[in-house]
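Numbering (our numbering) for the sequence shown: 4 to 405. No residue lacks a Cβ here, since even glycine has one placed at the ideal position from N, Cα and C.
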Amino acid sequence: MATVRIKFRASSRPDKSGTLFYQVIHNRVTRQIYTGYKLFPYEWNARESNIVTPDGSNTERCDYLSTLRDAVAFNVSRLSRIIARLDKSGCPYNSDKVIELYNAPDSDGCFVSFATDLISRLTQIGKKQIAAKYSTAVNSFKRFREGRDILIEDLDSNLMSEYEHWLRERGLCKNTTSFYMRNLRAIYNRAVDKELTVQRFPFRHVYTGIDKTVKRALSAKSIKEIKNLDLSLFPQLDYARDLFMFSFYTRGMSFIDMAFLKKEDLPGNILVYRRKKNSQQLFIKWEKPMQEIIDKYDTGSSPYLLPIIKEDGTDKRTQYKNAAHKLNDRLKQIGKQIGLEIPLTSYVARHSWASIARSKNISISIISEALGHDSESTTRIYLASLDTSSVDKANSIVLSIL
Numbered sequence: 004m005a006t007v008r009i010k011f012r013a014s015s016r017p018d019k020s021g022t023l024f025y026q027v028i029h030n031r032v033t034r035q036i037y038t039g040y041k042l043f044p045y046e047w048n049a050r051e052s053n054i055v056t057p058d059g060s061n062t063e064r065c066d067y068l069s070t071l072r073d074a075v076a077f078n079v080s081r082l083s084r085i086i087a088r089l090d091k092s093g094c095p096y097n098s099d100k101v102i103e104l105y106n107a108p109d110s111d112g113c114f115v116s117f118a119t120d121l122i123s124r125l126t127q128i129g130k131k132q133i134a135a136k137y138s139t140a141v142n143s144f145k146r147f148r149e150g151r152d153i154l155i156e157d158l159d160s161n162l163m164s165e166y167e168h169w170l171r172e173r174g175l176c177k178n179t180t181s182f183y184m185r186n187l188r189a190i191y192n193r194a195v196d197k198e199l200t201v202q203r204f205p206f207r208h209v210y211t212g213i214d215k216t217v218k219r220a221l222s223a224k225s226i227k228e229i230k231n232l233d234l235s236l237f238p239q240l241d242y243a244r245d246l247f248m249f250s251f252y253t254r255g256m257s258f259i260d261m262a263f264l265k266k267e268d269l270p271g272n273i274l275v276y277r278r279k280k281n282s283q284q285l286f287i288k289w290e291k292p293m294q295e296i297i298d299k300y301d302t303g304s305s306p307y308l309l310p311i312i313k314e315d316g317t318d319k320r321t322q323y324k325n326a327a328h329k330l331n332d333r334l335k336q337i338g339k340q341i342g343l344e345i346p347l348t349s350y351v352a353r354h355s356w357a358s359i360a361r362s363k364n365i366s367i368s369i370i371s372e373a374l375g376h377d378s379e380s381t382t383r384i385y386l387a388s389l390d391t392s393s394v395d396k397a398n399s400i401v402l403s404i405l
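The structure is reproduced here in structure tokens:
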């Protein structure tokens, strides 16, 4: 069985940092893997082969050394697992084979790198639809992991339950979280098939079904009723109604995107913003009803287009969450007032825009682009294959009915 050691090579100059490297030893043959990680001699404990933080180190250096320790532990774990797989196979191997597998992007035992390579290969052989779905799920998982990769063997049911909770906290419905889980599970199963890990069933405690979608779209008649409702004696409800209509006017813009819209996002007659959910950049032709709502509220010296985030000294995320909670409470009051059969929430505006657009024979592809959905073309940059005039025309058609 091969062994792995962590070594430190000091610089010839005492005031310069040295370099960490790994030794892979098998059948008395030693090979080295250079890491590029830099340390000073007093930051290395040769007896215990680990990185130490000397007294008096500044915060920035402590953070660097902590990150380095995590990276070294991760890499040594990868090497150990590669060696374990080779031993389990029963086939002869040498130190060079261990290093070859360590450097191979689709065999290093890391989930995101394996998934990225798989997506690339699927795209090359023409399976672009599957590749797009996998890409959407992996990008979401990467956001959850804050860009950090993870060993395939470290994927377990606890981690995936945490990921599911993270998705739910961001307002995703059961079907959306299930979409991510099913595609990540498919990628994981491919890794199992390639014997990169044993099957541990990490998705057994998360939802992977298809939930019956509750109807959340209103008819054009109901949208008109909300728009024309006299709420002059109830300013808080009036404000909630205006935000709902602004979302509808802007092709179902989500409330979080509305909250963080800045005045600089409207340089002329085109509103430009990136969705918080997937970073897609959207362009919306500025229409008269949108401007009427903006003119109604004084945002003064605030950089924001709408008066949702107001206080400089308070956490902006907290302000957005509080505002979202109040908005939906007030929208439900409006819904009850006009006798709606479904709870009126900010998200109903988005579903309603899509539903009404479809009823006007606007194509699904244009609706998908207008909403900024991840779809079969999620890997393409927004507007790369769609003329913005088509989307603007779609929005004008929908707004013309009001």
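Would you mind reading off the limits of the alpha helix (DSSP H) that contains residue i?
i, result
"L68", "62 to 92"
"F247", "238 to 252"
"V201", "Per DSSP, V201 belongs to no alpha helix (DSSP H) and is neither H nor E."
"T139", "131 to 147"
"V115", "114 to 127"
"R277", "Element bounds for R277: not the alpha helix (DSSP H) but the beta strand (DSSP E), 273 to 277."
Report the option in the options whose CA atom is closest to the CA atom of residue i.
i, options, result
"T38", "H29, L23, L285", "L23"
"D260", "F247, Y242, D120", "F247"
"D298", "I365, D245, T126", "D245"
"Y137", "I36, R148, L121", "L121"
"R8", "I365, S52, I85, G174", "S52"
"A194", "D318, L71, S143, F114", "F114"
"L1", "K291, I190, S282", "Absent from the structure is residue 1, since the part of the chain shown begins at 4 and ends at 405."
"E411", "Q202, L162, Q340, L170", "Nothing can be reported for residue 411: it is not among the residues displayed for the chain, which extend from 4 to 405."
"F258", "L234, D318, K329", "K329"
"K91", "V209, V201, A223", "V201"
"Y40", "L402, W169, K10", "K10"
"L104", "I312, T302, N30, I36", "I36"
"I370", "A223, C65, K324, V394", "V394"
"L269", "L308, E295, E165", "L308"
"L343", "I311, A326, K224", "K224"
"A5", "Q127, S98, Y323, G338", "S98"
"K173", "L234, R16, K324", "Note on residue identity: the sequence assigns Arg, not Lys, to residue 173. If we check each option's Cα against that of R173, K324 comes out closest."
"L347", "D315, T317, S222, R124", "S222"
Between residue i and the rest of its own chain, which residues show a CB-CB distance below 8 Å, the 5 nearest in sequence each way excluded?
i, result
"E379", "Legend: pLDDT at E379 = 39, less than 50; position of this residue unreliable, value from coordinates given subsequently. So the qualifying residues of the chain are K131, Q132, A135."
"K396", "none"
"T211", "S181, M184, R185, R188"
"E290", "Y252, N398, S399, L402"
Starting from residue i, trace the beta strand (DSSP E) both ways and give me its first and last residue.
i, result
"L162", "Per DSSP, L162 belongs to no beta strand (DSSP E); it is in the alpha helix (DSSP H), 160 to 172."
"Y40", "32 to 42"
"Q284", "284 to 288"
"G21", "21 to 29"
"R8", "6 to 12"
If contacts are defined as beta-carbon pairs under 8 Å, then residue i and residue j qualify, I think. What distance do you get, rounded to the angstrom?
i, j, result
"D152", "P205", "16 Å between Cβ atoms; not a contact."
"S355", "I226", "6 Å"
"P306", "K279", "Between K279 and P306 the Cβ distance is about 17 Å, and since that is not below 8 Å, they are no contact."
"L405", "K230", "6 Å"
"E198", "R84", "Their Cβ separation, rounded to whole angstroms, is 12 Å, which puts E198 and R84 out of contact at 8 Å."
"A118", "I190", "5 Å"
"V141", "E167", "Contact flag wrong, Cβ pair sits at about 16 Å."
"L232", "I337", "7 Å"
"I273", "F286", "6 Å"
"P310", "T302", "5 Å"
CB-CB under 6 Å to residue i, same chain, minus the five flanking residues each way: which ones, in chain order?
i, result
"R188", "F206"
"F43", "S20"
"Y45", "P57"
"N78", "none"
"R12", "G21, T22"
"S322", "It is Gln, not Ser, that sits at residue 322 in the sequence shown. Contacts found: I312."
"S14", "G21"
Thinking C-beta only, is residue j closer than 8 Å to residue i?
i, j, result
"V101", "V27", "yes"
"F249", "M293", "yes"
"L334", "A220", "no"
"L162", "G112", "no"
"V401", "A360", "yes"
"N61", "V55", "no"
"A327", "S349", "yes"
"Y25", "L82", "yes"
Kindly list the residues whose CB is nearer than 7 Å to the CB of residue i, restricted to its own chain and excluding five residues on each side of it in sequence; keep chain order.
i, result
"Q239", "R333"
"K145", "V115"
"C65", "T56"
"V32", "N97, S98"
"S143", "Y183"
"L71", "Y40, I54"
"M256", "S250"
"P17", "none"
"R254", "I287, W356, A373, L374, N398"
"T382", "Here T382 scores only 27 on pLDDT, less than 50, and its place in the model is too uncertain to base an answer on."
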